[in-house]
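Worksheet: the structure to be examined is printed underneath.
Chains as they are written, first to last, in this note's numbering: chain A, 336 to 844; chain B, 336 to 844.
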């Protein structure tokens, strides 16, 4: 193939697919290094990264530092909060001579807790395994190919394969690809990898404040969450906030025989069921007083981009196997712009083979509150607690004493999470956002979806509040990555495309 | 102490405490052999006896046979059902020359399932441990005394320490005590120890039918369950029936991120909460259509003995730490004479440290139905299922197919247990019942409580139906024995008193 034919081909590609020559060079790098990249990635996934495992988190941070140093990133270091024991963030930078602007790329290396017994039997959260597709569609485990010939539809299953080690992977490999391809970087590039995101970024404010000068930038680019369910790339302007309330309802101090005391002793599982049931109506609308009152409406410009988001409700219902959505008459995009209340977990006594004829002594639920602009996370928690009181409950923050048990017939321990945060949204008219949109468009022939609010949550308000940082979220993961649950996975093509997306931003003009 | 003083003492005891001389001889035997008896008992408790462990059940049966043979009981053998794999019952007999009547003593050697993680941390279900009292009142673990000097208030903690290896213990040691004390037995005595009671005695009918002649008797004496909460001995005329329904409600095929899909994808935990909540009103009364319709009222005589049952509602509320009972205005004894619906267990997603920000894919509940005379167990299960249908659910007996998922927005898998049974009650005017009451009265100075219906369930109707057997239940366990739950225990004095109770019945005239 001669030089002119190559140049012509690149030009044709660019015209047909909207992809720039620089991006095609990045793709070439990725294609030639797949084996090496996946090998480094699976080693990363093998290091346990749950909040309870401090040593594991430190090993992850050290691994990230090694990856950064091996790519020639400068000034690599751990950034600590003022609170001892906090998992550190990992920082690095590449300063560009004469640059007028600075971009800082964010991802996090910690992961959600795991309950290995809930994972598919051939999977183990910290033993990344390769499958020839989606296990929910019958894919099977295959060995890692020694020739590096990976198919884009294959998937790797492990905790944080998507959320958010895929973010660290795509950012660091985008930089490697640019550097090794000899492509130009116009801005200063900084790297910031957090270690406490899944625990609610409790100490992120301290880390930012302790390192204000180091972390100055014109834009934080958050590489987390998933692209659009249509498969189109997505740019997200904001996120929902998040807070939790954990509930424990009390029956007898000891579990009782359901024959001897059935329908005489109160059953906390039934009490909890009635309490939770009181929180939503049959149309999925939250019935807690004032729950939707504080919501700040979308602007006209935001409403407009929202209208352009492809509708995937029917596709998702079909894929998820659900006959109807929860809030009748509300689309997915509309639902994401409302505060939500969800039961993450519920437990009392035993079910299945372990079930016994007992009246359990307690029943527990974990409640998740998502918030939109206008909501205050502590106020939203308080609304839930006020609702519980209105159902006749005595609300306490400790195990009930004998006196409390004697005095109150309905007792709940309600623990609002200390780590919550509000929603955030970057204004659509921020000039640098247009550069971001233009950059991502160089990587795809498809529509780039602009979403005012992501359903999920990230602590983006912290950047605004503590170092006046602007943020935009640019996800790369497949939407069906099972993040936060069992069988988390990343589709390999999303990893490879993610390198291109991040590279386009690093080369932003 | 001379002979006359001893005789005088015995006479005084008998007058003051209502205890016969024969019973005092039994007590002497027990006091002199405590070490040996407890040693044999703890070995018995060390053999796992859950339904899933067939080999363990066979080892238990073999141990019971050894205990019987070592006491000189004749014709010891295993009785099998016609269904291969059923745990055998253990039989033995002592025929009395010239006896006109036959008593058959029943207990069961199998136990409820265990979830060791729910037990107190110093306990393990099949490592019986001795405590100097009730662990819920701060008792501590002590070593088994080498001198056999056991205090009656000490407790042994293990699965089946009460339910129902204590029954096997008291029956076999009553016989040993009578024999070694040279006391007279007037009737033929048979022994029948079941191995499948906690699984619902599914094959008991086959065992009875296969051994009709061998098992003929004038009365089955069922040694199971607990004495009255007042501490008084109790004779129980009947039991509630029992059946179960297991429910699984379906959301998305896979767990989802509660941020991305919260309040759009249906949450099965919330669906289950609403479904369960619909089954009872706020006064604890079951709202399922026709739930109380079939109940056969108590006779005048039964109502009379019911009135004589000591009221312990306030004592129990205090001990259990509950401010109010579930069915407002209904006493414990009244509640036991009504059919009941209880949630034994409920599970969806994860709580506590394992909680993640997910929308679970399923939610499960185990429901227990207790029945009184007049209820039919299959009809009662059907009422629950009809109620679920009336809430708009599509009810299936299998994992929903994709077509079913697409067609129905509310899907529940409802599995009615195949092993249920009806309530039973022996008529109060059966002549031999008067002998039973008189016999137990020889062992105590206190009131002997007569209860028309025990709250718990035993498959007593099977004896009636398949071999025309009459039954009476004579419990020995402390009421706070945690049977069917974690931290099951037996108070030692109840074991020792149980020997006296069973002996009084074997010596019945």
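Ideal placement from N, C-alpha and C gives every residue a C-beta, glycine not left out.
When the Cα atoms are used, residue 732 (chain A) and residue 580 (chain A) turn out to be separated by approximately 11 Å. Residues of the stretch 588-605 of chain A with a C-beta atom less than 8 Å from some C-beta of chain B are 588, 589, 590, 591, 592, 593, 594, 595, 596, 597, 598, 599, 600, 601, 602, 604, 605, listed in chain order. Residue 515 (chain A) carries a helical assignment under DSSP once its states are collapsed to helix, strand and coil. DSSP, read as helix, strand or coil, puts residue 722 (chain A) in helix. Around the Cβ of residue 818 (chain A), a 10 Å sphere holds 16 or more other Cβ atoms; the residue is buried. For residue 751 (chain B), no chain A residue has a C-beta closer than 7 Å to its own C-beta; the minimum C-beta separation is roughly 14 Å. Counting only the Cα atoms, residue 454 (chain B) lies some 16 Å from residue 381 (chain B). Under the three-state reduction of DSSP, residue 803 (chain B) is assigned to coil, being neither helix nor strand. If you look at residue 610 (chain A), you'll find it in the alpha helix (DSSP H) that goes 603-612. According to the DSSP assignment, residue 466 (chain A) belongs to the beta strand (DSSP E) that extends over 464-466. Flagged as an interface residue toward chain B: residue 686 (chain A), by a C-beta distance shorter than 7 Å.
Its Cα nearest to that of residue 412 (chain B), the residue B:403 stands out among B:403, B:614, B:494. Residues of chain B whose Cβ lies closer than 9 Å to the Cβ of residue 471 (chain A) are, in chain order, 588, 589. Chain order gives no chain A residues near residue 544 (chain B), where near means a beta carbon separation below 8 Å; the closest approach is about 27 Å.
Considering only beta carbons, the part of the stretch 606-626 of chain A lying closer than 7 Å to chain B consists of 608, 609, 611, 612, 615, 619, in chain order. For residue 667 (chain A), the closest Cβ of chain B is nearer than 7 Å. Using a 10 angstroms sphere on the CB of residue 803 (chain B), the tally of other CB atoms stays under 16, which defines it as exposed. Annotation for residue 737 (chain A): the continuous alpha helix (DSSP H) segment containing it runs 737-742.
Interface annotation, residue 530 (chain B): not in contact with chain A, CB-CB separation never under 7 Å. Neighbours of residue 810 (chain B) across chain A, judged by C-beta separation under 7 Å, do not exist; the nearest C-beta is about 10 Å away. Residue 683 (chain A) carries a strand assignment under DSSP once its states are collapsed to helix, strand and coil.
Annotation for residue 546 (chain A): 414, 426 place their beta carbon closer than 8 Å to its own, counting only its chain and skipping 5 residues before and after. Membership of residue 528 (chain A) in the beta strand (DSSP E) is indicated by the continuous run 523-529.
Chain-ordered listing is empty here: chain B has no CB closer than 8 Å to the CB of residue 731 (chain A), the nearest sitting near 13 Å. Annotation for residue 423 (chain B): 396, 413, 414, 415, 530 place their beta carbon closer than 7 Å to its own, counting only its chain and skipping 5 residues before and after. With a threshold of 16 other beta carbon atoms within 10 Å, residue 573 (chain A) meets it and is buried. When DSSP states are grouped into helix, strand and coil, residue 759 (chain A) belongs to the strand group.
Taking a C-beta distance under 7 Å as the contact criterion, residue 598 (chain A) and residue 662 (chain B) qualify as a contact pair. In this structure, the beta-carbon distance from residue 710 (chain A) to residue 674 (chain A) falls below 7 Å.
Within 8 Å of the CB of residue 577 (chain B), the CB atoms of chain A belong to 594, 692, in sequence order along the chain. Separation of residue 681 (chain B) and residue 684 (chain A) (C-alpha to C-alpha, rounded to the nearest whole angstrom) is 6 Å. If you ignore the 5 residues before and after residue 727 (chain A), its C-beta comes within less than 7 Å of the C-beta of 745, all in its own chain and listed in chain order. Counting the other CB atoms within 10 Å of its CB gives residue 652 (chain B) a total of 16 or more, which places it among the buried residues. DSSP, read as helix, strand or coil, puts residue 460 (chain B) in coil. Within chain B, the residues whose beta carbon sits less than 8 Å from that of residue 740 (chain A) are 656, 657, 658, listed in sequence order. Where residue 766 (chain A) is concerned, the enclosing alpha helix (DSSP H) starts and stops at 766-776.
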